[in-house]
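Counting from 0, one number per residue, gives the positions in the sequence shown under numbering that gives the first Met the number 0.
Here the structure comes first, spelled out in C-alpha cells, and everything after it is commentary.
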Amino acid sequence: MVEPAAPAPAPGAPGVAAVAALAAAGAPGAGADRGGRGSLTVRERLRPYRAVLASRARSQTSYRTNFALDLLSSLLSAVVELAEVWVVFRATSGLGGLEFRQMLLVFGLADLAFSLADLVFGHCDRLPTYLRAGTFDVFYLRPQPLLAQLVTSELSLRRLARAAVGVAALSAGVVVCDVPWAPGSVLLLVTALLSGCAMFAAMFVWAGGLQFFLLDGREMTNAFVYGGRYAATQPASVWSRPLVVLFGFFFPMAFTGYLPTLALLGLPGPGWLPSWLGWCGPLAAGWTWAMALLCWRWGVRHYQGGGG
C-alpha cells in the first residue's frame, strides 16, 4: 500500500485536492450514513467526478502559453495524419474502391470518434505507471468505482485540437460527397459517431485491463489501440483476410468509419464486409465494451497491490 506519510504524490496520482473534492462532494463516510446512499440523485452521484474533472481542467488552462503550445502540437499531429491520406490519394485516383473525397468521410468519422474517446479515456494507458509506483492502491481508499476513478483522474484538453481536425474532415466529406440531409443519413451519422466513440473508449479500457497481467505492456496494447485507430482511417477493402478478422470483427475498427461511409453513400462493400454492416455500429460497440469490462474485472480481481 502507499505510505500515508509520503511527501508528494507520484506523477499522475490523484492529489490531496482531488481526494478532498471527493469527500466534500458527498462521498459516503463524509457525514452521510450508508442508508442515505440509495437516496442520492444521479446529479449528486456525479458531483465528485465533476469536481475532480473541473480541477484538472483549471490546472491545465492556468498556464496559458503552455496550454496553447499543447493545442498547437496536437493540431499539427492530426493535420499531418490527414496529410498522409491526401499524399496517398495524390498518387492514385482511388484506393480500395474509394476516392479521396469519400475517404474524408472515413477519416473524419474515425478520427473524430477516436479524438473524443482519447480526450476522456486516453490517459488509461498510464495505468502501468500507477501499478509500478503503487499509486493505484489509493483508488481503493475511496468509496467510488475503480474504473470511474481512473477515467476521471485526468483530462487532456489539448486533444480538443485533434477533434477539431476530425470535425473539419467530416464536414468537408459531407459537403463534397453531397450527402443528402435525409433523416436516415443524419441518424446513420449520429449512430456511427456515438458508436465509434464507445468502441475507442472500450479499447482503452480493454488495454488497461491487460496491464494487470503484463509487466510493462503499454507498447503491446498500444499496437492494437493506436494501430486500430490507424486501421480505422484506411479503406478496409485493401486489408488481407487476417486483418479483416482482427480489425474488422475482433477489434471492430471497420465499424467506426469505413462501413458507415459505405452505407451512407450506397457503395458496395467487400465480400466479408457488406455495406449494410454500417448500421451495426451499436452491436460492435456492445461487443467491444463487453470484452473490455470482462478484461477489466478479470484484471482487478487478479491485482494484489503495489507491494510498497
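Quick reminder that beta carbons are idealized off the backbone N, C-alpha and C, glycines included.
Keep in mind the model is a prediction, meaning the values are calculated, not measured.
Skipping 5 residues on each side, what residues in its chain have a beta carbon closer than 6 Å to that of residue i?
| i | result |
| --- | --- |
| Ala-77 | Arg-161 and Val-164 |
| Leu-276 | Leu-258 |
| Met-252 | Gly-227, Ala-230, Ala-231 and Phe-246 |
| Ala-200 | Ala-116 and Phe-120 |
| Gln-148 | Phe-138 |
| Ala-191 | Leu-108, Pro-259 and Gly-280 |
| Phe-321 | Here the chain comprises residues numbered 0 to 307, so residue 321 is not present and cannot be evaluated. |
| Phe-135 | Tyr-129 |
| Gly-256 | Val-105, Leu-108, Ala-109 and Ala-231 |
| Gly-34 | At Gly-34, the pLDDT of 42 sits below 50, so the modelled position is not reliable and the matter cannot be decided from this model. |
Is residue i close to chain C, meaning its C-beta is less than 7 Å from at least one C-beta of that chain?
| i | result |
| --- | --- |
| Met-219 | The structure shown contains no chain C, having only a single protein chain. |
How would you call residue i, buried or exposed, if buried means at least 16 neighbouring beta carbons within 10 angstroms?
| i | result |
| --- | --- |
| Gly-28 | Caution applies to Gly-28, whose pLDDT of 38 falls short of 50 and renders its modelled position unreliable; the model cannot decide the point. |
| Leu-146 | buried |
| Trp-85 | exposed |
| Met-219 | exposed |
| Pro-269 | buried |
| Val-150 | buried |
| Ser-274 | buried |
| Asp-110 | buried |
| Gln-303 | exposed |
| Gly-93 | exposed |
| Pro-234 | buried |
| Arg-141 | buried |
| Leu-261 | buried |
DSSP on residue i, reduced to helix/strand/coil?
| i | result |
| --- | --- |
| Leu-39 | coil |
| Leu-94 | strand |
| Arg-141 | coil |
| Phe-250 | coil |
| Val-51 | helix |
| Gln-303 | coil |
| Thr-151 | coil |
| Gly-277 | helix |
| Ala-181 | coil |
| Ser-58 | helix |
| Trp-271 | coil |
| Ser-236 | helix |
| Ala-31 | The predicted model places Ala-31 with a pLDDT of 39, which falls under 50 and marks its position as unreliable, so this point remains unresolved. |
| Leu-213 | coil |
How far does the alpha helix (DSSP H) with residue i in it extend, from its first residue to its last?
| i | result |
| --- | --- |
| Phe-113 | 99-120 |
| Glu-218 | 217-231 |
| Thr-260 | 257-264 |
| Val-175 | 158-175 |
| Asp-69 | 63-89 |
| Leu-130 | 126-132 |
Let me check understanding here. Comparing Cα to Cα, which of the options lies closest to residue i?
| i | options | result |
| --- | --- | --- |
| Leu-70 | Arg-131, Ser-155, Ala-116 and Arg-44 | Ser-155 |
| Phe-66 | Tyr-257, Leu-159 and Pro-182 | Leu-159 |
| Ala-82 | Phe-99, Tyr-129, Gln-210 and Gly-95 | Phe-99 |
| Phe-249 | Arg-55, Trp-288 and Leu-111 | Trp-288 |
| Ser-194 | Ala-181, Met-202 and Pro-281 | Pro-281 |
| Met-202 | Ser-73, Ala-284, Phe-88 and Trp-180 | Ala-284 |
| Ser-152 | Tyr-48, Trp-278 and Gly-298 | Tyr-48 |
| Leu-103 | Pro-273, Ala-168 and Ala-191 | Ala-168 |
| Arg-63 | Met-290, Arg-157 and Thr-255 | Arg-157 |
| Ala-206 | Asn-221, Asp-215 and Ala-197 | Asn-221 |
| Leu-209 | Leu-75, Ser-72, Val-51 and Trp-297 | Trp-297 |
| Val-237 | Leu-118, Trp-271 and Gly-216 | Trp-271 |
| Ala-197 | Gly-96, Gln-101, Leu-118 and Glu-43 | Leu-118 |
| Gly-96 | Pro-241, Leu-266 and Leu-293 | Leu-266 |
| Pro-127 | Leu-188, Phe-211, Arg-44 and Met-290 | Phe-211 |
| Ser-170 | Gln-101, Val-41 and Ala-291 | Gln-101 |
| Val-166 | Leu-74, Gln-143 and Leu-292 | Leu-74 |
| Gln-143 | Arg-44, Thr-40, Val-244 and Leu-261 | Arg-44 |
| Leu-217 | His-122, Thr-91, Ser-58 and Glu-80 | The sequence as given places Arg at residue 217; Leu does not occur at that position. Looking at the Cα atoms, His-122 is the closest of the given residues. |
Can you name, in chain order, every residue of its own chain whose Cβ lies under 8 Å from the Cβ of residue i, other than the five neighbours on each side?
| i | result |
| --- | --- |
| Ser-184 | Val-178 and Leu-263 |
| Met-290 | Ala-201 and Trp-205 |
Cutting at 7 Å between CB atoms, please list the residues of its own chain near residue i, excluding the five before and the five after it.
| i | result |
| --- | --- |
| Arg-55 | Glu-153 and Leu-154 |
| Ser-239 | none |
| Cys-294 | Trp-205, Gly-208 and Leu-209 |
| Cys-176 | Arg-100, Gln-101, Leu-104 and Leu-264 |
| Ser-114 | Arg-158, Arg-161, Ala-162 and Gly-165 |
| Leu-386 | For residue 386 there is no data in the structure shown, the boundaries of the chain being 0 and 307. |
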